[in-house]
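Heads up: the protein sequence lines correspond to chains A and B, in order.
If you count the first sequence from 1, position 55 lands on 84 in my numbering, and the numbers rise without skipping.
If you count the second sequence from 1, position 163 lands on 297 in my numbering, and the numbers rise without skipping.
Glycine residues also receive a C-beta, built at the ideal position from the N, C-alpha and C atoms.
Reviewing the structure listed below.
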Amino acid sequence: MMNAATSGVPMVHADRVSKSFGSNEVLKSISLSVPQGEVMCLVGPSGSGKSTFLRCINHLERVDAGRLSVEGVLVGYEERGDKLYELKPREAARQRRDIGMVFQRFNLFPHMTALENIIEAPIRVNKVKKEAAVAHAQELLARVGLAGKADAYPAHLSGGQQQRVAIARALAMEPKLMLFDEPTSALDPELVGEVLDVMKGLAESGMTMIVVTHEMGFAREVADQLVFMDGGVVVESGDPDQVLGNPQHERTKAFLSKVL
Amino acid sequence: MAASGSNRSATPAVVSPNGADQAEAIKAIRLRHPWRNIVAVVLVAMLALFVLDAAQREAYGWENFAKYIFDQRISQAAGYTLLLTVYSMVIAIILGVTLAVMRLSENPVVKGIAWLYLWVFRGTPVYVQLVFWGLFATIYSTIDIGIPFTEPWLSFETNDLISVFWLAVIGLALNESAYMAEIVRAGILSVDKGQDEAATALGMSWMQTMTRVVIPQAMRIIIPPTGNEVISMLKTTSLVTAIPFSLELYGRSRDISVVIFDPIPLLLVASAWYLLFTSILMVGQYFLEKRFSRGVGQARPDKAGTETGAITLKTGVISTPGAASAADGDAGSDASTDPSGKEHQ
């Protein structure tokens, strides 16, 4: 919370955000705030709405009610007068450029090499020159510990390596915010560590991050703020040591007793 | 066959370089399959009989076959057949991609129009459609450009504007595009939804996502059935006599056979040319499929750099087993089915 005071607007601010799929209300009036440079971990049972909330932040899903903003700018909508206008696809795409996202299933482009995966968006979207994009991509690959894998296709990389390439791909757009949607859930246990290490490094470098995860050790170590969600509501939030060590709500206790 | 089998089982066990106490290779008597051999002999005998008989049979008229197989009129006709195939397939693919995208559109009217098109062009025989195209000038004697219900600015005689050849191309292309649309649609749908999301999350536009991410991956699913369509189209061109356009292979050989009163050798001539072309196309299809399977599941031995990879690169036929273990990450998304399931006449 100290950072918020110094840098003003929070990176992400959600004010009573709701979202339904048909009659199924997935998010029920979620309010939370992520200050610049901080890491928030979202935990909770599956189906609790964590991933949906994450996907709302870069407008992969549309918010039904409430206000969701990134650096004070509404996501997916524009407010003119007292009316909300939905953004055109081009404008929504512009908002997404500054928000990196890492998926549970990596979603690397299988027909491109690691390097091609990373330079694709900078060249096509940000119109970066190819040589500059390649140089930056090599740096990023080195940063995630995959300097020698530039020419490897995703199918030839392990799950952990693929996820690290995916992180490098997101970083290539020089985002101000990184969203991680269960980045280690699809990995073999012995590969989880290498991905978490990269994420820790990223957090230490001052990147603002929102991480949906089941890795409580990671959450305790890296998160500035831990949010426990269940049934589409924020049940409990606060300092990770506090929430994990001394949970106040029965549902939090029940969940933690199963995962810790 | 049986002899080679027992030979192989008699070879001594090779001691592997790394494992000293490896078990001895199995030396078993191979299972015999007497019926296989009998069936093979019978089939070969029947084929030989047929060939011997056909070679001597008057009605096949082999002198005329030899006389006309490289006749200039026939080779020109073969050229027309190829042109019809290429032009109509190119137009059909462009139209098919357009229709496929229309069918996936969120606009219900656009979707409905595409569905209607497919309903009409897949629901009627191509022969009937070609006869219709032949009567196009009868139905629309002039083609006018201008504002509807007012005097046209420009008016053309249909017969001057469109030759019979192009009517044939249009007729074949419009029919084929309906099938291509389904093939392309199946290809697009086979690409994992996560790919679309990843590209969107990177800020790529719809067009960029389609051309850079979705279509290249869909090609792997689209190419094999499209190859079949090309081969099928080559043969369907013989139906353009319905228009009537008769400068292609089948029409031309019919015309010649009417003059010389000997239809059978010229049918054989046409068949030989069709077989030649389809054989070439099948080889081409094989290499295209290899090109578009890159990076997915199968190995890229030149990049993988494993020992087995270096060997299979030379032959270029078999995928390396070394890469299979790493490939499980993306294997789930390939739903390769033949999407069209169609029945040409």
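Would you mind working out which of the options sits nearest residue i, comparing C-alpha positions?
{"i": "Asp259(A)", "options": "Leu208(A), Leu285(A), Glu120(A) and Met130(A)", "result": "Leu285(A)"}
{"i": "Gly76(A)", "options": "Ser98(A), Asn53(A), Asp93(A) and Cys70(A)", "result": "Asn53(A)"}
{"i": "Tyr182(A)", "options": "Gly174(A), Leu206(A), Val194(A) and Ala171(A)", "result": "Val194(A)"}
{"i": "Val318(B)", "options": "Phe184(B), Phe270(B), Arg170(B) and Ile356(B)", "result": "Ile356(B)"}
{"i": "Pro378(B)", "options": "Tyr420(B), Ile208(B), Leu264(B) and Asp155(B)", "result": "Leu264(B)"}
{"i": "Gly246(A)", "options": "Gly222(A), Ile152(A) and Met238(A)", "result": "Gly222(A)"}
{"i": "Leu216(B)", "options": "Val393(B), Leu383(B) and Gln206(B)", "result": "Leu383(B)"}
{"i": "Arg91(A)", "options": "Arg109(A), Cys70(A) and Leu116(A)", "result": "Leu116(A)"}
{"i": "Thr345(B)", "options": "Phe138(A), Asp217(A), Gln192(A) and Val163(A)", "result": "Phe138(A)"}
{"i": "Ala333(B)", "options": "Met141(A), Phe50(A), Lys57(A) and Asp226(A)", "result": "Met141(A)"}
{"i": "Ile196(A)", "options": "Gly51(A), Val240(A), Ile86(A) and Arg45(A)", "result": "Val240(A)"}
Can you give me the start and stop residues for the beta strand (DSSP E) that residue i sits inside?
{"i": "Phe135(A)", "result": "That residue, Phe135(A), is in no beta strand (DSSP E); it is neither H nor E in DSSP."}
{"i": "Tyr261(B)", "result": "Unbroken run through Tyr261(B) is the alpha helix (DSSP H), Val260 to Gly268; no beta strand (DSSP E)."}
{"i": "Ser289(B)", "result": "Leu288 to Glu291"}
Going straight from the alpha carbon of residue i to that of residue j, what length do you get?
{"i": "Val264(A)", "j": "Arg198(A)", "result": "33 angstroms"}
{"i": "Ile445(B)", "j": "Asp389(B)", "result": "Residue placement at Ile445(B) is flagged as unreliable, the pLDDT there being 33, under the threshold of 50; a coordinate-derived value is accordingly withheld."}
{"i": "Gly101(A)", "j": "Val131(A)", "result": "23 angstroms"}
{"i": "Leu447(B)", "j": "Leu410(B)", "result": "Since pLDDT at Leu447(B) reaches only 34, below the 50 mark, its modelled position is unreliable, and no value is offered."}
{"i": "Val220(B)", "j": "Leu373(B)", "result": "16 angstroms"}
{"i": "Arg118(B)", "j": "Asn171(B)", "result": "Residue 118(B) cannot be examined here, being either before or after the span of chain B that is shown, 135 to 479."}
{"i": "Ala320(B)", "j": "Leu233(B)", "result": "12 angstroms"}
{"i": "Lys178(A)", "j": "Thr213(A)", "result": "20 angstroms"}
{"i": "Val417(B)", "j": "Gly361(B)", "result": "10 angstroms"}
{"i": "Ala212(B)", "j": "Leu402(B)", "result": "14 angstroms"}
{"i": "Glu67(A)", "j": "Asp253(A)", "result": "6 angstroms"}
{"i": "Glu423(B)", "j": "Pro350(B)", "result": "12 angstroms"}
{"i": "Val325(B)", "j": "Leu238(B)", "result": "13 angstroms"}
{"i": "Leu273(A)", "j": "Gly73(A)", "result": "12 angstroms"}
{"i": "Glu331(B)", "j": "Leu89(A)", "result": "8 angstroms"}
{"i": "Arg119(A)", "j": "Ile203(B)", "result": "60 angstroms"}
{"i": "Arg280(A)", "j": "Ser339(B)", "result": "42 angstroms"}
{"i": "Gln167(A)", "j": "Thr237(A)", "result": "23 angstroms"}
{"i": "Thr449(B)", "j": "Ala184(A)", "result": "In this prediction, Thr449(B) has a pLDDT of 35, which is less than 50 and means its spatial position is unreliable; nothing more can be read from the coordinates."}
{"i": "Leu250(B)", "j": "Ser234(A)", "result": "57 angstroms"}
{"i": "Tyr106(A)", "j": "Glu219(A)", "result": "42 angstroms"}
Mapping the DSSP letters down to three states, classify residue i as helix, strand or coil.
{"i": "Met40(A)", "result": "coil"}
{"i": "Met236(B)", "result": "helix"}
{"i": "Lys158(A)", "result": "coil"}
{"i": "Phe426(B)", "result": "helix"}
{"i": "Val173(A)", "result": "coil"}
{"i": "Thr370(B)", "result": "helix"}
{"i": "Ser49(A)", "result": "strand"}
{"i": "Lys57(A)", "result": "strand"}
{"i": "Ser266(A)", "result": "strand"}
{"i": "Leu218(B)", "result": "helix"}
{"i": "Leu206(A)", "result": "strand"}
{"i": "Asp389(B)", "result": "helix"}
{"i": "Asp127(A)", "result": "coil"}
{"i": "Met238(A)", "result": "strand"}
{"i": "Gly439(B)", "result": "Bear in mind that the predicted position of Gly439(B) carries a pLDDT of just 36, short of 50, making it unreliable; the figure below should be weighed with that in mind. Gly439(B): coil per DSSP, three-state reduction."}
{"i": "Tyr420(B)", "result": "helix"}
{"i": "Thr276(B)", "result": "strand"}
Can you tell me whether residue i is buried or exposed? The criterion is at least 16 other CB atoms within 10 Å of its CB, across all chains shown.
{"i": "Gly230(B)", "result": "buried"}
{"i": "Glu149(A)", "result": "buried"}
{"i": "Pro259(B)", "result": "exposed"}
{"i": "Asp294(B)", "result": "exposed"}
{"i": "His278(A)", "result": "exposed"}
{"i": "Arg126(A)", "result": "buried"}
{"i": "Asn275(A)", "result": "exposed"}
{"i": "Phe82(A)", "result": "buried"}
{"i": "Glu250(A)", "result": "exposed"}
{"i": "Gln156(B)", "result": "exposed"}
{"i": "Ser266(A)", "result": "buried"}
Got a sec, what are the start and stop residues for the alpha helix (DSSP H) residue i sits in?
{"i": "Asp330(B)", "result": "Lys327 to Ala335"}
{"i": "Lys287(A)", "result": "Glu279 to Val288"}
{"i": "Lys201(B)", "result": "Trp196 to Tyr202"}
{"i": "Asp226(A)", "result": "Pro218 to Glu233"}
{"i": "Arg193(A)", "result": "Gly188 to Leu200"}
{"i": "Met141(A)", "result": "It is not in any alpha helix (DSSP H) - Met141(A) carries neither H nor E in the DSSP assignment."}
{"i": "Gln254(A)", "result": "Unbroken run through Gln254(A) is the beta strand (DSSP E), Gln254 to Asp259; no alpha helix (DSSP H)."}
{"i": "Val178(B)", "result": "Pro168 to Gln190"}
{"i": "Gly257(B)", "result": "Pro242 to Gly257"}
{"i": "Arg319(B)", "result": "Val298 to Ser324"}
{"i": "Met69(A)", "result": "Per DSSP, Met69(A) belongs to no alpha helix (DSSP H); it is in the beta strand (DSSP E), Val68 to Val72."}
{"i": "Glu250(A)", "result": "Met245 to Val251"}
Going by the C-beta, is residue i closer than 7 angstroms to any heavy atom of the ligand FAD?
{"i": "Phe138(A)", "result": "For the ligand FAD, the structure offers nothing, since it holds no ligand at all."}
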